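Here the protein sequences come in this chain order: A and B.
For the first sequence, numbering that gives the first Met the number 0 assigns the number 0 to the initial residue and increments by one for each residue that follows.
For the second sequence, numbering that gives the first Met the number 0 assigns the number 0 to the initial residue and increments by one for each residue that follows.
Think of the CB as a built atom: it goes at the ideal place given N, C-alpha and C, for glycine as much as any other residue.
As the structure is a computational prediction, the values presented were derived from the model and not from experiment.
A short write-up of the structure that comes next.
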Amino acid sequence: MTAIVTVRIQEADFDIAREIAALTKGRDDIGAVVSFSGVCRGSEGGETIAALTLEHYPGMAEAEIMRHAETAMSRWPLTGLTVIHRVGRIVPGENIVLVLTTSQHRQAAFQAAEFLMDYLKANAPFWKREEKPTGTSWVDARHHDDAAAARWTKS
Amino acid sequence: MKVKYFAWVRERVGKAEETIEPPASVRTVDDLIAWLAKQGESYAHAFETPRVIRAAIDHAHVKPDTMIAGAREIAFFPPMTGG
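Here's what the structure looks like:
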């Protein structure tokens, strides 16, 4: 059966169960489903966060995620993957991002999901702005996200 | 060529996109950042620390020494914080 690859950028929330069903329905060749959700926290470094606003680069964001999705498909024996990244204003407790990977065995699904998240963090053109009691500010990039993405680059 | 700005680069420049015509001496991404930084106070502020600015040409990440000839769209933005 052919692999299903879905990449979406949207303001609306997503339904994880529905997205998993879209990858698994009618197939009996899947033995593992890995789901990662990134969720908006209500505090950061002891400071309250009222909301995050996510900006993206339309066109490039889709292309960049699709490029990494294709890399994941070629690197691991996946039967499908889904990446959904939300944009706009997101309040604590709400979903930000979803990565789903399916495969016959768990190792490929776990590794591909982690690879996709590490690459999304460091290379996908999205930017978060935090609303705090003291005002709004752009979130600084973290060096450990770059390091996490770099460990997938093998010579 | 069309130039786009995102996040705090966009806020500091004061616009999301524009069409520019840099002189022929502006050959690389780095050259363009240096040239943009001289286009007024808001640009000087946006590009005051060139090493933190990331760039993309036609929707693909590029390094500072990449030649800009033939580019349709160049984007400048801070390090990404998605996911």
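Does the beta carbon of residue i sit closer than 7 Å to a beta carbon anywhere in chain B?
{"i": "PHE125/A", "result": "yes"}
{"i": "LYS24/A", "result": "no"}
{"i": "GLY79/A", "result": "no"}
{"i": "THR135/A", "result": "no"}
{"i": "GLU18/A", "result": "no"}
{"i": "VAL138/A", "result": "yes"}
{"i": "GLY37/A", "result": "yes"}
{"i": "GLU54/A", "result": "yes"}
{"i": "VAL96/A", "result": "yes"}
Can you list, in chain order, the residues of its chain with a C-beta nearer than 6 Å to that of residue i? Leave out the 5 residues immediately preceding and following it.
{"i": "ALA43/B", "result": "ALA36"}
{"i": "LEU36/A", "result": "Here the sequence assigns Ser to residue 36/A, which means Leu is not the residue at that position. Once the five neighbours on either side are set aside, the close Cβ partners of SER36/A are ASN94 and LEU97."}
{"i": "TYR118/A", "result": "HIS67 and ALA148"}
{"i": "ILE12/A", "result": "One detail in the question is off: residue 12/A reads as Asp in this sequence, not Ile. Cβ within range, chain order: ASN94."}
{"i": "ALA21/A", "result": "none"}
{"i": "ALA33/B", "result": "none"}
In this structure, does DSSP put residue i in helix, strand or coil?
{"i": "VAL70/A", "result": "It should be pointed out that residue 70/A corresponds to Thr in this sequence rather than to Val. Helix, per DSSP."}
{"i": "HIS58/B", "result": "coil"}
{"i": "ALA123/A", "result": "coil"}
{"i": "ARG128/A", "result": "strand"}
{"i": "ALA148/A", "result": "helix"}
{"i": "TYR118/A", "result": "helix"}
{"i": "SER41/B", "result": "helix"}
{"i": "PHE155/A", "result": "Examination of residue 155/A is not possible in this model, given that chain A is present from 0 through 154 alone."}
{"i": "HIS104/A", "result": "coil"}
How close, in whole Å, do the beta carbons of residue i and residue j come, if the pair is a contact with beta carbons under 8 Å?
{"i": "ASP144/A", "j": "ALA121/A", "result": "5 Å"}
{"i": "ILE29/A", "j": "GLN106/A", "result": "Wrong, their Cβ atoms sit about 14 Å apart, outside the cutoff."}
{"i": "LEU31/B", "j": "PRO21/B", "result": "6 Å"}
CB-CB under 8 Å to residue i, same chain, minus the five flanking residues each way: which ones, in chain order?
{"i": "HIS60/B", "result": "ARG53 and ALA54"}
{"i": "PRO85/B", "result": "Shown here, chain B extends from 0 to 82; a query on residue 85/B therefore has no answer."}
{"i": "GLU16/B", "result": "LYS1, VAL2, LYS3 and TYR4"}
So does residue i have its beta carbon nearer than 6 Å to some heavy atom of the ligand FAD?
{"i": "PRO132/A", "result": "Here there are no bound small molecules, and the ligand FAD is not part of this structure."}
Does the CB of residue i have a neighbour CB from chain A at under 7 Å?
{"i": "TYR42/B", "result": "no"}
{"i": "GLY69/B", "result": "no"}
{"i": "ALA6/B", "result": "yes"}
{"i": "MET0/B", "result": "no"}
{"i": "THR80/B", "result": "yes"}
{"i": "ALA55/B", "result": "yes"}
So, at 7 Å on beta carbons, what are the nonlocal neighbours of residue i in its own chain, with the 5 sequence-adjacent residues on each side left out?
{"i": "VAL12/B", "result": "TYR4, SER41, TYR42 and ALA45"}
If you pair each beta-carbon of the region 83 to 90 of chain A with each one of the region 1 to 10 of chain B, do three or more pairs fall below 8 Å? no
Are at least three pairs of beta-carbons, each pair with one atom in the region 57 to 75 of chain A and one in the region 131 to 139 of chain A, less than 8 Å apart? no
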